[in-house]
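Chemist: Structure in structure tokens, see below.
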Amino acid sequence: MDPSHLKLATEADVRAYFVGEGAGYHNTLGFNTQGGGVNGGDPKLIFPDASSAQTYLQDINYVATRTSNDPLLPGDFVDLGRLSAGTRLDFFLIANGVYGGRNVYSTDASVNQDGLGHVVSLHASAFALNDSPYLLLGFEDLWGGGDQDFNDVVFAVDVGAGNANGLVQGDEPSTVVLLGSFLGLALYLMNRRTSRGWSV
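Residue numbers for the sequence shown follow the UniProt record's numbering, so the first one is 1 and each next one is one higher.
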């Protein structure tokens, strides 16, 4: 699934869930429905500090807590609103945005200053979860592609099953391998923890 072509076929209540992160930075995650990145359109923040004490490398029994330095836990969510059919979703990451970072990476690689793709995405059907409403996206936060682990902010977006299924265009095997563990962890943690949610 091409992350630069996330367009809703039908009206939907859209929600973004924090899955995890493996970044050294304190990144900022946002979205724009009328442009690419933060320049133009109507950019809004989803997670001003997409940092968590819970990482995918820890023992599953580790119980993380929210702190001012690590404000999120997997499963926390933000309601992005009821979006109309035809709405284009552009997600962006401000690398180290909490501390004034200026490198912005979008799901639309054409607006990235380094000209590279910084996002991988897939649909939950890649894991035999047919008719799932979830898209899973992972960002790389380093200029020039960095280490290309795409785990610097990982999040799931509920766009409704019809929209999600319509966006599937055949995921590449490398994308499935890279993000497979995150989807399993996300689904487990979303069902295990009491989440904290917000609306924008």
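Backbone N, C-alpha and C define an ideal beta-carbon position, used for all residues, glycine too.
1) Measuring only the C-alpha atoms, how far is G36 from H5?
2) What is the DSSP secondary structure of V120, reduced to helix, strand or coil?
3) With distances taken Cα to Cα, identify the nearest neighbour of T28 among E21, F47, G40 and F18.
4) Tell me where the alpha helix (DSSP H) around L6 begins and ends.
5) Using the rule of at least 16 other Cβ atoms within 10 Å of the residue's Cβ for burial, across every protein chain shown, is D13 buried or exposed?
6) Counting along the chain, where does the beta strand (DSSP E) carrying G138 start and finish?
7) What are the boundary residues of the alpha helix (DSSP H) that includes G81?
8) What residues in its chain sit with their C-beta under 8 angstroms from that of T33, if we drop five residues either side in the sequence?
9) Ignore the nearest five residues each way along the sequence and tell me which others in D131's own chain have a CB closer than 6 angstroms to its CB.
10) So, helix, strand or coil for A109, using DSSP?
11) Once you ignore the five residues that flank F31 on each side, which residues in its own chain have a CB closer than 8 angstroms to its CB?
12) Just curious, the alpha helix (DSSP H) that L73 is in, first and last residue?
13) To the nearest angstrom, how far is it from the Cα of V120 to the Cα of D158?
14) Where L19 and G75 are concerned, what is the direct C-alpha to C-alpha distance, given to the nearest angstrom?
15) Excluding the 5 residues flanking G101 on each side, which residues of the same chain have their C-beta closer than 6 angstroms to its C-beta?
16) Pick from N103, N39, F150 and H26: whose alpha carbon is nearest that of D49?
17) For the beta strand (DSSP E) that A164 lies in, which residues bound it at each end?
18) Over the uninterrupted beta strand (DSSP E) stretch that includes G30, give me the two end residues.
Modeler: Short version:
1) Locating residue 36 in the sequence shown gives position 36, counting from the first residue. Locating residue 5 in the sequence shown gives position 5, counting from the first residue. Going by the C-alpha atoms only, they are around 12 angstroms apart.
2) The residue labelled residue 120 in the question sits at position 120 within the sequence shown. Residue state, collapsed to three classes: strand.
3) For this step, residue 28 is matched to residue 28 along the sequence shown. For the residues E21, F47, G40 and F18, the minimum Cα distance to T28 belongs to F47.
4) To locate residue 6, count along the sequence shown from 1; it is residue 6. Premise fails: L6 is in no alpha helix (DSSP H) and is neither H nor E.
5) For the purposes of this step, residue 13 is identified with residue 13 of the sequence shown, where counting begins at 1. Counting Cβ neighbours within 10 Å, D13 comes out exposed, since fewer than 16 surround it.
6) By 1-based counting over the sequence shown, the position of residue 138 is 138. Residues Y134 to F139.
7) Looking up residue 81 in the sequence shown gives position 81. Counting along the chain, G81 falls outside any alpha helix (DSSP H), though it belongs to the beta strand (DSSP E) covering F77 to L83.
8) Indexing the sequence shown from 1 puts residue 33 at position 33. Excluding positions up to five away in sequence, the list reads G41, D42, L83, T87, R88, L89 and D90.
9) Here residue 131 is taken as the residue at index 131 of the sequence shown, counted from 1. Hits under 6 angstroms: A161.
10) Looking up residue 109 in the sequence shown gives position 109. Three-state DSSP puts A109 in a helix.
11) In the sequence shown, counting from the first residue as 1, residue 31 sits at position 31. Hits under 8 angstroms: A16, P43, K44, I46, L80, L89, D90, F91 and F92.
12) Position 73 of the sequence shown holds residue 73. Premise fails: L73 is in no alpha helix (DSSP H) and is neither H nor E.
13) Position 120 of the sequence shown, counted from the first residue, corresponds to residue 120. Position 158 of the sequence shown, counted from the first residue, corresponds to residue 158. The alpha-carbon of V120 is positioned some 16 angstroms away from that of D158.
14) Mapped onto the sequence shown, residue 19 falls at position 19. Mapped onto the sequence shown, residue 75 falls at position 75. The sequence shown places Val at residue 19, rather than the Leu named in the question. Looking at the two C-alpha atoms, the distance is approximately 6 angstroms.
15) Translated into the one-based positions of the sequence shown, residue 101 becomes position 101. So the qualifying residues of the chain are I94 and A95.
16) In the sequence shown, residue 49 corresponds to position 49, counting from 1. Of N103, N39, F150 and H26, the residue nearest in Cα terms is H26.
17) Locating residue 164 in the sequence shown gives position 164, counting from the first residue. Premise fails: A164 lies in the alpha helix (DSSP H), A161 to L167, not in any beta strand (DSSP E).
18) Start at 1 with the first residue of the sequence shown, and residue 30 comes out as number 30. Per DSSP, the continuous beta strand (DSSP E) segment holding G30 begins and ends at T28 to N32.
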